[in-house]
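Just so we're aligned, residue 1 is where the sequence shown starts under full-length UniProt numbering, counting upward by one.
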Amino acid sequence: MQRQRDDDYAQQEEAGGPMPISALESAGINAATVKKLQEAGYYTVESVAFATMKKLVEVKGISEVNAQKVQAAASKLIPMGFTTATEYNKLREDIVHISTGCKELDKILGGGMETGSITELYGEFRTGKTQMCHTLCVICQLPIEQGGGEGKAMYIDTEGTFRPERLTQISKRFGLNPDDVLDNVTYARAYNSEHQQQLLVQAGALLSESRYALIVVDSATALFRTDYTG
1 MQRQRDDDYA
11 QQEEAGGPMP
21 ISALESAGIN
31 AATVKKLQEA
41 GYYTVESVAF
51 ATMKKLVEVK
61 GISEVNAQKV
71 QAAASKLIPM
81 GFTTATEYNK
91 LREDIVHIST
101 GCKELDKILG
111 GGMETGSITE
121 LYGEFRTGKT
131 QMCHTLCVIC
141 QLPIEQGGGE
151 GKAMYIDTEG
161 TFRPERLTQI
171 SKRFGLNPDD
181 VLDNVTYARA
191 YNSEHQQQLL
201 VQAGALLSES
211 RYALIVVDSA
221 TALFRTDYTG
């Protein structure tokens, strides 16, 4: 049973996705502690590994000693120390780029939108930013050899500009089944900055359950500008 679980975690790593928080049990953390972390919004090992000790101690039922054990266990599963430039270069070679659908723009971006990174689109009103996001939601579902990411898309809409009918139109351009494309896009509307942050916590849980190639937040700053004016 333990070997099977370890194999599952290895496959998860190879797929390029986050490691589910349950993997901490294989590193010596009991199920009760893992459950407390989940209830506090930690759904992946990465989220624990990157959290500060102060944040972990704030979790109800987690003492400072337990927090130290949790971080130690997470560091065993998630490499966070030094490595050689050669090894890091090998990791960079495996990074998938998602095509924008525009060859010239892909050239500028070095092959398309880089996965595992944050890419910000900015510009004047009605310059195609949201349309680009819709296009990427479709293309990311394509096979990697076709410029896709072989994964689902997640769309957090803060301005009410998401249009599923546009996804249907774009999917036909790429010869994809519109119904399948829509099923592979997870959507949520954010209504204020706090709600947006709550949705991002929920996103962590979804990322640990399925392979997502793209997360879109459109717009990332609109609600914060509204809530924190002055």
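Backbone N, C-alpha and C fix where the C-beta goes; we use that ideal spot for every residue, glycine too. Owing to the predicted nature of the structure, the values given are computational and were not obtained by experimental measurement.
Own chain partners of residue 29 with C-beta closer than 8 Å, once the 5 adjacent residues on each side are dropped | Correct list, in chain order: 69, 70, 73.
Determine the DSSP secondary structure at residue 155, reduced to helix, strand or coil.
-> DSSP, reduced to helix, strand and coil, places residue 155 within a strand of the structure shown.
Do residue 207 and residue 18 have their C-beta atoms within less than 8 Å of each other?
-> Cβ atoms of residue 207 and residue 18: closer than 8 Å.
Neighbourhood of residue 144 by C-beta, 7 Å cutoff - its chain only, sequence neighbours within 5 removed = Once the five neighbours on either side are set aside, the close Cβ partners of residue 144 are 96, 150.
If residue 44 and residue 204 are in contact, beta carbons under 8 Å, what's the gap, nearest whole angstrom?
-> In this structure residue 44 touches residue 204 by the C-beta definition: roughly 6 Å separates them, less than 8 Å.
Let me know the secondary structure DSSP gives residue 43 once reduced to three states.
-> Note: residue 43 maps to coil in three-state DSSP.
Contact under 8 Å by Cβ, residue 62 with residue 38 = Taking 8 Å as the Cβ cut-off, residue 62 and residue 38 do not qualify as a contacting pair.
Check residue 142 in the structure and name its three-state DSSP category.
-> Residue 142: coil per DSSP, three-state reduction.
Measure the C-alpha to C-alpha separation of residue 177 and residue 131 and round it to an integer number of angstroms.
-> Residue 177 and residue 131: Cα-Cα distance of roughly 19 Å.
Could you check the C-alpha separation between residue 34 and residue 156 for me, to the nearest Å?
-> If you take the alpha carbons of residue 34 and residue 156, they lie about 27 Å apart.
In angstroms, rounded to a whole number, what distance separates the CA positions of residue 128 and residue 198?
-> Rounded to whole angstroms, residue 128 to residue 198 spans 27 Å at the Cα level.
Answer with buried or exposed for residue 89, where buried requires no fewer than 16 other C-beta atoms within 10 angstroms of its C-beta.
-> Its Cβ having fewer than 16 others within 10 Å, residue 89 is exposed.
Helix, strand or coil: how does DSSP classify residue 211 here?
-> Coil at residue 211, not helix or strand.
Rounded separation between residue 142 and residue 185 - CA only | Across the structure, residue 142 and residue 185 are spaced so that their CA atoms are roughly 13 Å apart.
Whose C-beta lies closer than 7 Å to the C-beta of residue 14 among residues of the same chain, with five residues either side of it excluded?
-> At residue 14, the pLDDT of 47 sits below 50, so the modelled position is not reliable; the number obtained from the coordinates is stated separately. Residues of the same chain with a CB within less than 7 Å of the CB of residue 14, apart from the 5 flanking positions on each side, do not exist.
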